[in-house]
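Asks: Pasting a structure here, questions to come.
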Amino acid sequence: MSNVVRPQKSRVARAFAAAADSYDDVAILQRQTADEMLDRLDLVKIKPERILDLGSGTGRNISLLQQRYPDARQVAVDIAYSMLLRGRQRYRADQGLRRWLPGRKTPWFIAGDAEQLPLADNSVDLVYANLALQWCELTAAFQEIQRVLRPGGLLMFSTLGPDTLQELRHSWAAVDDYPHINVFLDMHDVAEAMFAAGLTDPVLDSDRHCLLYPDVIAMMRDLQQLGARNVNNGRRRGLTGKHILHRVKAASEQFRVNGQLPATYEVIYGHAWAGEISQQTAGNGDIPISLKQLRRNR
Ligand SMILES: C[S@@+](CC[C@H](N)C(=O)[O-])C[C@H]1O[C@@H](n2cnc3c(N)ncnc32)[C@H](O)[C@@H]1O
152 MSNVVRPQKS RVARAFAAAA DSYDDVAILQ RQTADEMLDR LDLVKIKPER ILDLGSGTGR
212 NISLLQQRYP DARQVAVDIA YSMLLRGRQR YRADQGLRRW LPGRKTPWFI AGDAEQLPLA
272 DNSVDLVYAN LALQWCELTA AFQEIQRVLR PGGLLMFSTL GPDTLQELRH SWAAVDDYPH
332 INVFLDMHDV AEAMFAAGLT DPVLDSDRHC LLYPDVIAMM RDLQQLGARN VNNGRRRGLT
392 GKHILHRVKA ASEQFRVNGQ LPATYEVIYG HAWAGEISQQ TAGNGDIPIS LKQLRRNR
């Protein structure tokens, strides 16, 4: 299948761990997409007992999910330990003394990989994954989500599509042939991965978000503060010299609009339900459900 992207886990974990203190200052897009997903949850009638916030980062969404589903136990899983520590601190600060109220379920913070979830089969009713799955091999992550979801459970997620950071990608392409921006899968590949994992009734759509920067250096600095590093295997090694950055900056000027440099993000939103069976592949390995069927579900 064309959707096999294997990011280097240790590099991803290190980059996000190092960004735990700076992440909230620059996570503008992440807050927007998280809120959009919460709005979408309003339209679904569910009463989850256990919620998995997958790739929970600094934990902003844990309190928001708890407000929405006060009876549920939240489980935060992230590959970066420092992110989880931040999340726990934040939860304690958000809740204050309320967290000791009778019946209040303290969230569990668990270090783990979305592709090998440290959770039992059929143990979760809702998986909420905001801008985390683009760091994973999608089929493996969806298979794990399908495994841990109880029958009737819901996955709600956002991830990034291939037009993401196109300005930066083109600017680097003018300078060298190395991959500088991570590979993001298109909606078709995301849908295929969901079907392959056995998730059912997927609904996907995409939206464009644009962040504005004074220049490409500020854009790259924000990405670093987010922990969003280049994890391509064939990436250029070593430090990037000033003269190279100067050339990237010059190449990026073609994208300037009204004095600002845009960073496009193609956000793919999706949800699906836990399927009965874990593998819906035909005998020949093909996926028997087409994107046409997916569109009909919209
Ligand atoms: C862009 S942040 C999003 C954080 C959070 N969901 C939010 O809305 O702010 C991506 C998070 O996914 C985590 N992550 C990346 N790869 C992961 C994996 N394989 N398993 C679990 N978490 C992962 C990172 O450590 C990071 O905290």
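Add 151 to a position in the sequence shown, counting from 1, and you land on the number used in my numbering. Positions of the beta carbon are idealized from the N, C-alpha and C atoms, including for glycine. Model, not experiment: these values are computed from the prediction.
Closest by CA to His397, which one among Ala369, Ile419 and Glu417?
Replies: The candidate whose alpha carbon is nearest that of His397 is Ala369.
Asks: Mapping the DSSP letters down to three states, classify Gln225 as helix, strand or coil.
Replies: DSSP places Gln225 in strand when its eight states are reduced to three.
Asks: State the Cα-Cα distance for the pair Phe308 and Gly247, rounded to the nearest angstrom.
Replies: Taking the straight line from one Cα to the other gives about 29 Å.
Asks: Can you tell me which residues form a DSSP beta bridge with Trp424?
Replies: DSSP, once it has assigned bridges, lists Leu305 and Thr351 as partnering Trp424.
Asks: With which residues is Tyr416 paired in a DSSP beta bridge?
Replies: BP columns for Tyr416 point to His360.
Asks: Any idea if Pro439 is buried or exposed, counting beta-carbon neighbours within 10 angstroms, 16 or more meaning buried?
Replies: Residue placement at Pro439 cannot be trusted, given a pLDDT of 38 that sits under 50; the coordinates are not used to answer.
Asks: Would you say Asp176 and Gln411 are within 9 Å of each other, going by their C-beta atoms?
Replies: In this structure, Gln411 does not lie closer than 9 Å to Asp176 by Cβ.
Asks: Among the candidates Arg255, Ile197 and Ser207, whose CA atom is the shortest distance from the CA of Arg237?
Replies: The residue with the shortest Cα to Cα distance from Arg237 is Ser207.
Asks: Count the other C-beta atoms from every protein chain shown that fall within 10 angstroms of the C-beta of Pro353, then say buried if there are 16 or more, exposed otherwise.
Replies: That one is buried.
Asks: For Leu203, name the three-state secondary structure that DSSP assigns.
Replies: Strand at Leu203.
Asks: In the structure shown, what three-state DSSP assignment does Asn333 receive?
Replies: The answer is coil: DSSP assigns Asn333 none of H, G, I, E or B.
Asks: Between Ser214 and Asp245, what straight-line distance do the alpha-carbon atoms span, to the nearest angstrom?
Replies: If you take the alpha carbons of Ser214 and Asp245, they lie about 7 Å apart.
Asks: For Asn435, does the count of other Cβ atoms within 10 angstroms reach 16, so buried, or fall short, so exposed?
Replies: Confidence at Asn435 is low in this model, with a pLDDT of 40, below 50, so its placement is unreliable and the value that follows should be read with caution. Classification of Asn435: exposed, given that the 10 Å Cβ count is below 16.
Asks: Using the three-state DSSP reduction, which class does Arg446 fall into: helix, strand or coil?
Replies: Residue placement at Arg446 is flagged as unreliable, the pLDDT there being 43, under the threshold of 50; the coordinate-derived value follows with that caveat. Reduced to three states, the DSSP call for Arg446 is helix.
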